[in-house]
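**Student:** After the structure tokens below, expect a handful of questions from me.
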Amino acid sequence: MTIKTDSIPISVSLNPTLQSADMHPQETKDKKRVVLIAVYAILVAACISCIAKVLIFLINAVTNLSFFGLFTIHEHHPSENQLGLWVILVPTIGGFIVGLMALYGSKAIRGHGIPEAMEQILTNQSKINPAITYLKPLSSAIAIGTGGPFGAEGPIIATGGALGSTLGQLLKITHNERKILLASGAVAGMTAIFGTPIAAIFLAIELLLFEFSPRAIIAVSLACITGAAGHHILFGTEPVFYISNTISTPSNAAIFSYSIIGVIIGVLSIGITKAVYAVEDSFERLPIHWMWWPAIGGLAVGIIGYFAPRTLGVGYENITDLLSGNMPLKFVLTLCILKFLSWVIALGSGTSGGTLAPLLTIGAATGILLGTLTLYFFPNCGITPSLMAVVGMSAMFAGSSRALITSIIFALETTGQFNALLPLLGACVASYTTSFLFMRHTIMTEKIARRGVQTPHTYEPDLLAQILVKDALESSNAILEEQMTIAQARSWFGETIASVHVNYMIIVTQDNNYSGIISASNLYSHHHDLNASVASLIKRKPISLAEYDTLRLAIDKMISENVDVLPVVSQQQELMGVLSYQHILSAYYKSTKKANTEEINILLKSKFSRHQ
42 MTIKTDSIPI
52 SVSLNPTLQS
62 ADMHPQETKD
72 KKRVVLIAVY
82 AILVAACISC
92 IAKVLIFLIN
102 AVTNLSFFGL
112 FTIHEHHPSE
122 NQLGLWVILV
132 PTIGGFIVGL
142 MALYGSKAIR
152 GHGIPEAMEQ
162 ILTNQSKINP
172 AITYLKPLSS
182 AIAIGTGGPF
192 GAEGPIIATG
202 GALGSTLGQL
212 LKITHNERKI
222 LLASGAVAGM
232 TAIFGTPIAA
242 IFLAIELLLF
252 EFSPRAIIAV
262 SLACITGAAG
272 HHILFGTEPV
282 FYISNTISTP
292 SNAAIFSYSI
302 IGVIIGVLSI
312 GITKAVYAVE
322 DSFERLPIHW
332 MWWPAIGGLA
342 VGIIGYFAPR
352 TLGVGYENIT
362 DLLSGNMPLK
372 FVLTLCILKF
382 LSWVIALGSG
392 TSGGTLAPLL
402 TIGAATGILL
412 GTLTLYFFPN
422 CGITPSLMAV
432 VGMSAMFAGS
442 SRALITSIIF
452 ALETTGQFNA
462 LLPLLGACVA
472 SYTTSFLFMR
482 HTIMTEKIAR
492 RGVQTPHTYE
502 PDLLAQILVK
512 DALESSNAIL
522 EEQMTIAQAR
532 SWFGETIASV
542 HVNYMIIVTQ
552 DNNYSGIISA
562 SNLYSHHHDL
572 NASVASLIKR
582 KPISLAEYDT
592 LRLAIDKMIS
602 ENVDVLPVVS
612 QQQELMGVLS
622 YQHILSAYYK
632 STKKANTEEI
642 NILLKSKFSR
652 HQ
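Residues 42 to 653 in the working numbering are what the sequence shown lists, from first letter to last.
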């Protein structure tokens with residue numbers, strides 16, 4: 042009768058592929074879960090596409106009733122109203138109603154949607170109040186329909202996220218899977234409004250998921266495809282911001298000019314972000330309840346709308362007109378300044394609305410103004426007003442949100458002008474870089490950062506998914522042959538559990554084949570026959586790891602099986618060693634320390650060379 046000690050035979054792996062065969066049942070299960078979540082994502086996307094159309098109908102109905110006294114869902118622009126001074130009261134009343142809904146319904150309807158979704162993902166396991174599913178579109182329809190200077194995309198993103206989260210709370214799924222459904226619903230809503238599936242996929246990656254994995258990308262992509270189909274059926278197939286004139290391929294001088302203008306827009310995007318939260322801080326200091334703030338913001342919207350009617354409402358037609366490149370400069374300048382004032386005050390007041398359409402409007406107008414100024418001093422630089430508007434709106438969004446790829450692809454998909462790719466790339470990278478260097482948080486993250494929520498700014502691969510079990514594997518002296526009696530085992534370790542320095546013992550056969558695992562507390566239980574074998578104490582089916590499994594899989598198994606250690610076995614079930622959570626932490630620490638040391642060495646060498 043013997044006890045295995047540190048001299049554990051280590052087997053040589055025949056083939057990584059063969060070794061990974063032990064993972065096959067788990068891999069099959071994981072792939073089935075991927076397919077299941079993808080099906081759920083498609084269902085959510087189909088529902089949110091219909092809700093997007095309903096939201097547009099609601100906005101039209103509220104607009105027609107508020108500004109024209111009509112009971113119809115046909116589209117009319119608030120700028121065509123004949124109310125005179127009475128127009129000031131319409132956004133004020135709308136803001137008051139939104140304030141009441143926030144007070145007696147849910148405070149979560151306030152804001153523009155994406156930051157709230159990000160916060161729930163990062164802090165609340167992607168759980169959003171189901172009431173948001175109907176309160177957000179209704180409150181947004183009232184806010185926008187009464188003249189609020191917002192787009193429909195923010196509310197529908199929030200609604201789609203709430204719908205996905207609600208379904209995820211009803212189903213028996215993990216919080217990571219619920220996060221995928223939340224993101225799928227949110228970006229499917231964006232796609233349903235704009236018809237931009239590829240940009241929406243990148244929006245999910247850059248602002249919501251904080252990961253790039255098959256389980257997430259498959260579900261999100263299928264949701265976006267479904268949302269795009271919904272857009273084509275319910276809204277049409279033409280680009281949302283159609284430009285009749287085809288943009289020609291720009292010269293290198295023009296691309297350079299667009300890039301320089303991108304730097305300027307990046308600086309302006311920082312100012313806009315700071316302005317939004319400065320106004321929000323000003324409302325926080327008001328000696329009245331927050332319920333009244335949207336009404337005050339609505340009053341400002343109404344006053345500005347009286348002098349500049351085209352600042353009222355969604356304003357997608359403003360973007361289309363700006364992108365045509367034929368609008369008078371006076372109109373462009375007025376729209377740029379007054380739309381900004383109206384939007385920043387309304388958003389800062391905490392009403393329900395979005396940021397994307399206003400940013401696009403302000404960015405397009407800014408691009409035209411900067412482009413005109415550039416052409417005045419450098420008439421041969423090769424830029425055109427129409428492309429400058431496209432570049433301006435995209436660069437403004439890139440700088441404000443730091444969703445770089447989303448901004449570029451969004452402009453291409455909404456305009457259909459693929460010759461704009463290089464100017465967009467140059468301007469958006471310039472704006473993004475400027476924002477990254479000089480602004481800590483973005484318009485999407487500032488609010489939740491103030492609440493102590495930190496958002497990831499890098500999307501690095503999971504280090505634990507890259508380290509193999511064999512790289513962290515260690516031998517163990519807590520290994521017992523299965524025919525050993527309980528009395529013999531206790532004699533070896535000590536007569537009381539207090540003398541035991543391990544929590545689990547590994548049971549093997551005489552041939553060193555893995556048999557099972559028992560806990561130290563079970564070994565020392567008073568209810569056992571001391572002459573019984575230690576094999577009789579095995580209560581659970583044998584669980585183990587293969588040497589080519591990853592530490593990520595090891596952690597998942599430890600959590601699901603509620604154990605601190607796992608044996609590592611060969612393909613022939615021969616014990617190779619034991620992996621504990623301490624081993625995992627040690628391997629992770631060594632890997633990160635090595636990476637940090639290499640980075641520090643590079644920086645030190647660079648600094649030393651500069652002093653030579």
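The C-beta atom is built at its ideal place from N, Cα and C for all residues, glycine as well.
How long is the line joining the alpha carbons of T591 and Y555, rounded to whole angstroms?
**Tutor:** Answer to the nearest angstrom: the Cα atoms are 20 Å apart.
**Student:** According to DSSP, is T113 helix, strand or coil?
**Tutor:** Three-state result, T113: coil.
**Student:** With which residues is M546 paired in a DSSP beta bridge?
**Tutor:** M546 pairs with I559.
**Student:** Counting C-beta neighbours from all protein chains within 10 Å, is the total for L363 16 or more, i.e. buried, or is it exposed?
**Tutor:** Burial call: buried.
**Student:** Here's the rule: buried if 16 or more other CB atoms are within 10 angstroms of the residue's CB, otherwise exposed. What is S225?
**Tutor:** It counts as buried.
**Student:** What is the DSSP secondary structure of M429, counted as helix, strand or coil?
**Tutor:** Here M429 sits in helix by DSSP.
**Student:** Would the stretch 306-315 and the stretch 470-480 be scored as touching if the rule is three or more Cβ pairs under 8 Å?
**Tutor:** Segments in contact, yes.
**Student:** In chain order, what are the residue ranges of uninterrupted alpha helix (DSSP H) at least 4 long that sit wholly in the stretch 156-193?
**Tutor:** You should have 173-186.
**Student:** Which runs of the alpha helix (DSSP H) spanning at least 4 residues fall entirely within the stretch 210-295, listed in chain order?
**Tutor:** The stretch 210-295 contains these whole alpha helix (DSSP H) runs: 216-235, 238-244 and 255-275.
**Student:** Give the secondary structure of M64 by DSSP, where H, G and I count as helix, E and B as strand, and everything else as coil.
**Tutor:** Residue placement at M64 is poorly supported in this model, since its pLDDT is 45, which falls under 50; the coordinates are not used for a value here.
**Student:** The beta strand (DSSP E) spanning P608 covers which residue range?
**Tutor:** From DSSP, the beta strand (DSSP E) with P608 extends over V606 to V610.
**Student:** Go ahead and pull the three-state DSSP assignment for V355.
**Tutor:** If DSSP states are grouped into helix, strand and coil, V355 belongs with coil.
**Student:** List the endpoints of the continuous alpha helix (DSSP H) containing S472.
**Tutor:** That run of the alpha helix (DSSP H) goes L462 to F479.
**Student:** Between the C-alpha atoms of H272 and I234, what's the straight-line distance to the nearest angstrom?
**Tutor:** Each residue's alpha carbon lies about 6 Å from the other.
**Student:** Write down the C-beta distance between V342 and P178 rounded to the nearest angstrom, noting that I regard them as a contact closer than 8 Å.
**Tutor:** Rounded, the Cβ-Cβ distance is 20 Å, inconsistent with contact.
**Student:** According to DSSP, simplified to helix, strand and coil, what is M617?
**Tutor:** If DSSP states are grouped into helix, strand and coil, M617 belongs with the strands.
**Student:** For V128, I'd like the list of residues in its chain whose CB is within less than 7 Å of its CB, leaving aside the five on either flank, ordered along the chain.
**Tutor:** N122, G343, G346 and Y347.
**Student:** Bridge partners for G152 per DSSP, in chain order?
**Tutor:** Answer is S393, bridged to G152.
**Student:** For S26, name the three-state secondary structure that DSSP assigns.
**Tutor:** Past the edges of the chain, shown from 42 to 653, lies residue 26, and the structure says nothing about it.
**Student:** Measuring alpha carbon to alpha carbon, tell me which residue in L564, I360 and S285 is nearest W533.
**Tutor:** Here the closest residue by C-alpha is L564.
**Student:** Could you tell me the alpha carbon to alpha carbon distance between G110 and A193, rounded to whole angstroms?
**Tutor:** Roughly 22 Å between the two C-alpha positions.
**Student:** What does DSSP give as the partner residue(s) for E515 in the beta ladder?
**Tutor:** E515 is bridged to V619.
**Student:** What residue from I558, A398 and A405 has the CA that sits closest to F372's CA?
**Tutor:** Taking only the C-alpha atoms, the option nearest F372 is A405.
**Student:** Out of I424, I138 and Q161, which one is the CA nearest neighbour of G186?
**Tutor:** The candidate whose alpha carbon is nearest that of G186 is I138.
**Student:** From P171 to G195, what does the alpha carbon distance come to, in whole angstroms?
**Tutor:** C-alpha separation (whole angstroms): 17 Å.
**Student:** Could you give the C-beta distance for G394 and G230, rounded to a whole number, given that I count them as a contact under 8 Å?
**Tutor:** So it is not a contact: roughly 15 Å between Cβ atoms.
**Student:** What is the DSSP secondary structure of T591, counted as helix, strand or coil?
**Tutor:** Note: T591 maps to strand in three-state DSSP.
**Student:** Determine, using beta carbons only, whether V320 and G412 come nearer to each other than 8 Å.
**Tutor:** No.
**Student:** Helix, strand or coil for E523, going by three-state DSSP, please let me know.
**Tutor:** DSSP places E523 in coil when its eight states are reduced to three.
**Student:** Residue range of the alpha helix (DSSP H) that S448 falls in?
**Tutor:** Looking at the DSSP string, the run of the alpha helix (DSSP H) that includes S448 is L445 to T456.
**Student:** Rounded to a whole number of angstroms, what is the C-alpha to C-alpha distance between I44 and L521?
**Tutor:** Reliability fails at I44, whose pLDDT of 43 lies under 50, so the model's placement of it is uncertain and the value that follows must be treated cautiously. Each residue's Cα considered, the two are about 5 Å apart.
**Student:** Beta-carbon within less than 7 Å of F479's beta-carbon, same chain only, minus the 5 sequence neighbours each way: which residues are those?
**Tutor:** Within the same chain, F479 has close Cβ partners I311.
**Student:** What residue does the alpha helix (DSSP H) around V510 start on, and which one ends it?
**Tutor:** V510 -> no alpha helix (DSSP H), and no H or E assigned at all.
**Student:** Grouping DSSP H, G and I as helix and E and B as strand, with all else coil, what is V566?
**Tutor:** Correcting the residue identity first, residue 566 is Ser in this sequence and not Val. In this structure, S566 counts as coil in the three-state DSSP scheme.
**Student:** Measuring straight from C-alpha to C-alpha, what distance separates T633 and L594?
**Tutor:** Approximately 19 Å between the Cα atoms of the pair.
**Student:** Looking only at its chain, what residues have a beta carbon closer than 6 Å to the beta carbon of L163, apart from the 5 residues adjacent to it on each side?
**Tutor:** Excluding positions up to five away in sequence, the list reads V494.
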